[in-house]
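Colleague:
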Amino acid sequence: MSAAAGVTRPPLWTHGFRLLLVSTFLGWSAEAMIRTVLPLRILDLGGDAATVGIVALAFALPTLLLRPPIGRRIDRTGHGRIHRIGPAVAGAASLAFVVSGLLLVPFVRAVQGIGWACYGTANNVATARLAPPARRGEASGLFNLAYAVGFLAGPPLALALYAGPGAAATFLAAALLAFLALGVVDRLARVTPGARIEPLPGSSGVPAVSGPSTRGLRRIAGAWLEPAAVPLLVVAGLVLAGEALLLGFAAVWTRQAGLPDGWLALLFPVVGILNAVTQLAGGRLSDRVGRRRAVIAGIGIAAVGLGVAILPLGAPGYLAAAAVYAVASGLVVPAATAAAMDRAPEGRMGATLATYSMAHQLAAGIGGIAWGLLIASFGFPWPFIVALAGLGIALLAARRVLSPEAGVRG
Numbered sequence: 002m003s004a005a006a007g008v009t010r011p012p013l014w015t016h017g018f019r020l021l022l023v024s025t026f027l028g029w030s031a032e033a034m035i036r037t038v039l040p041l042r043i044l045d046l047g048g049d050a051a052t053v054g055i056v057a058l059a060f061a062l063p064t065l066l067l068r069p070p071i072g073r074r075i076d077r078t079g080h081g082r083i084h085r086i087g088p089a090v091a092g093a094a095s096l097a098f099v100v101s102g103l104l105l106v107p108f109v110r111a112v113q114g115i116g117w118a119c120y121g122t123a124n125n126v127a128t129a130r131l132a133p134p135a136r137r138g139e140a141s142g143l144f145n146l147a148y149a150v151g152f153l154a155g156p157p158l159a160l161a162l163y164a165g166p167g168a169a170a171t172f173l174a175a176a177l178l179a180f181l182a183l184g185v186v187d188r189l190a191r192v193t194p195g196a197r198i199e200p201l202p203g204s205s206g207v208p209a210v211s212g213p214s215t216r217g218l219r220r221i222a223g224a225w226l227e228p229a230a231v232p233l234l235v236v237a238g239l240v241l242a243g244e245a246l247l248l249g250f251a252a253v254w255t256r257q258a259g260l261p262d263g264w265l266a267l268l269f270p271v272v273g274i275l276n277a278v279t280q281l282a283g284g285r286l287s288d289r290v291g292r293r294r295a296v297i298a299g300i301g302i303a304a305v306g307l308g309v310a311i312l313p314l315g316a317p318g319y320l321a322a323a324a325v326y327a328v329a330s331g332l333v334v335p336a337a338t339a340a341a342m343d344r345a346p347e348g349r350m351g352a353t354l355a356t357y358s359m360a361h362q363l364a365a366g367i368g369g370i371a372w373g374l375l376i377a378s379f380g381f382p383w384p385f386i387v388a389l390a391g392l393g394i395a396l397l398a399a400r401r402v403l404s405p406e407a408g409v410r411g
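The C-terminal residue of the sequence shown carries number 411 in this note's numbering, and the numbering is unbroken.
(1) Just list the alpha helix (DSSP H) runs in the region 81 to 155, keeping only unbroken ones of 4 residues or longer that don't cross its boundaries, in chain order.
(2) Any idea what DSSP makes of PHE21, helix, strand or coil?
(3) Could you tell me the alpha carbon to alpha carbon distance between GLU199 and GLY79, rounded to whole angstroms?
(4) Would you mind reading off the limits of the alpha helix (DSSP H) that contains GLU244?
(5) With a threshold of 6 Å on Cβ separation, who are the neighbours of THR215 within its own chain once the five nearest residues in sequence on each side are excluded?
(6) Less than 8 Å between the CB atoms is what I'm expecting for LEU162 and ALA174, so what's the real figure, rounded?
(7) May I have the straight-line CA-CA distance separating LEU248 from LEU96, to the nearest angstrom?
(8) Which residue marks the beginning of the alpha helix (DSSP H) containing SER358, and which one marks its end?
(9) Please classify PRO40: does DSSP put it in a helix, a strand, or coil?
(10) Comparing C-alpha positions only, which one of PRO12, GLY308, PRO107 sits nearest to ARG36?
(11) Could you please give the first and the last residue of the uninterrupted alpha helix (DSSP H) stretch that includes LEU397?
(12) In the DSSP assignment, find the unbroken alpha helix (DSSP H) run with GLY263 in it and report its ends.
(13) Would you mind stating whether PHE269 and PHE152 have Cβ atoms separated by less than 9 Å?
(14) Run the CB neighbour count on ILE300, radius 10 Å, all protein chains shown included, and call it buried at 16 or more, exposed below.
(15) CB LEU65 to CB VAL185, shorter than 9 Å?
(16) Can you check which of these residues, LEU21, PRO12, ALA364, is closest to ARG191 by C-alpha distance?
(17) Pick helix, strand or coil for MET2, following the three-state DSSP scheme.
(18) Is it a yes or a no for the region 364 to 381 touching the region 331 to 351, going by three-plus beta-carbon pairs under 8 Å?
(19) If contacts are defined as beta-carbon pairs under 8 Å, then PHE385 and LEU307 qualify, I think. What distance do you get, rounded to the angstrom?
(20) Helix, strand or coil: which one does DSSP assign to THR15?
(21) Please determine, among GLY263, PHE180, ALA127, ALA61, the residue with the shortest C-alpha to C-alpha distance to LEU158.
(22) Do ALA129 and MET342 have their CB atoms nearer than 9 Å?
Shown next, in the form of structure tokens:
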């Protein structure tokens with residue numbers, strides 16, 4: 002046996018990591034239900050594509066504003082209290098949708114964004130602290146797999162409830178899942194000492210020492226963003242913006258194409274299955290071949306998906322485009338997440354991942370309102386063309402910031 006073959010891999014499947022995955026699945030199942038039916042609810046209440054985008058922005062803005070200070074707070078005090086606040090607020094907001102008219106929907110979604118600012122940031126930091134450095138890609142893939150499975154389970158349940166008992170039953174079920182996630186998070190904070198998530202050594206909350214490569218970014222971002230994570234924020238944000246377009250506006254495309262809403266019950270499971278499988282493989286791949294190769298390959302596959310979406314191929318073409326993009330996202334996201342962990346300055350893991358994880362909200366919020374306005378003004382396929390141009394920028398950024406050796410397991 003060679004020396005390399007005899008090396009024991011550091012443990013990943015601790016009790017705390019398993020609880021984290023369960024909580025992530027439950028929380029994202031609840032969020033997937035909301036994301037699936039809320040556009041339909043908005044349209045049924047008299048809104049349009051632009052209204053869907055405004056509501057997406059209302060969710061994203063609190064997260065964008067609050068994630069960086071939340072990350073710094075976690076660096077100082079640990080994740081426990083903030084982790085509990087997240088699903089509690091998300092579940093309460095889901096209950097509020099039961100009695101909300103069109104004018105109240107953006108405000109309730111904004112409150113839900115506050116909950117996800119806490120929950121999402123704490124989840125990412127918990128993943129980093131529970132994952133051995135040599136298995137960060139795999140851990141990120143498993144974490145992303147948990148929410149991908151949530152997105153697989155949530156939409157069919159939401160659509161079935163929305164078409165049957167109605168909107169109230171859908172929002173009540175989403176609230177129940179969020180409160181179940183809260184119970185698991187509470188358990189996560191009370192697990193055995195060997196699995197408990199503690200603040201990283203040296204987590205003082207003070208800014209990391211900046212070098213020549215980060216000084217300009219610090220002048221721009223000030224004390225709000227962590228400069229080490231900004232390039233990866235750009236890469237992931239542009240890739241996720243295309244995903245937000247294909248999934249977040251699938252209901253709008255369906256209505257404009259004159260198709261029944263029921264076909265979305267096929268779209269979301271297909272996308273969820275492909276994304277879940279790719280997340281698992283993609284995280285491990287980035288540990289073996291490096292973050293750079295995994296991210297660049299994913300961006301190339303995403304470009305193929307958008308190219309298919311541009312073509313007038315109807316429902317089969319849209320399904321194929323979303324499926325290809327799901328594979329691309331499954332490659333890019335765990336690799337980029339692991340790269341953000343790798344680049345975090347000492348004692349700044351919370352601030353780094355808070356900055357990086359803003360990519361999801363930028364894609365859903367800023368991207369959402371941009372896609373909504375583009376669709377309302379010019380219709381399809383122009384948003385797909387713009388998203389394709391964004392992937393070109395993501396490719397250039399990835400090639401610049403990620404070295405060929407980044408993340409390669411020694």
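All residues carry an ideal CB built from backbone N, CA and C; glycine is no exception. Computed from a predicted model, the values in this text were never measured in an experiment.
Modeller: This is what the structure holds:
(1) 81 to 97, 106 to 131
(2) Rather than Phe, the amino acid found at residue 21 in this sequence is Leu. In the structure shown, LEU21 sits in a helix (DSSP, three-state: H, G or I).
(3) Residue placement at GLU199 cannot be trusted, given a pLDDT of 48 that sits under 50; the coordinates are not used to answer.
(4) 231 to 249
(5) At THR215, the pLDDT of 47 sits below 50, so the modelled position is not reliable and the matter cannot be decided from this model.
(6) 6 Å
(7) 24 Å
(8) Neither: SER358 is in no alpha helix (DSSP H) and is coded neither H nor E.
(9) helix
(10) PRO107
(11) 383 to 402
(12) It is not in any alpha helix (DSSP H) - GLY263 carries neither H nor E in the DSSP assignment.
(13) yes
(14) buried
(15) no
(16) LEU21
(17) A caution first: MET2 carries a pLDDT of 42, below 50, which makes its placement in the model unreliable, though a value can still be read off. In the structure shown, MET2 sits in coil (DSSP, three-state: anything other than H, G, I, E or B).
(18) no
(19) 5 Å
(20) coil
(21) GLY263
(22) yes
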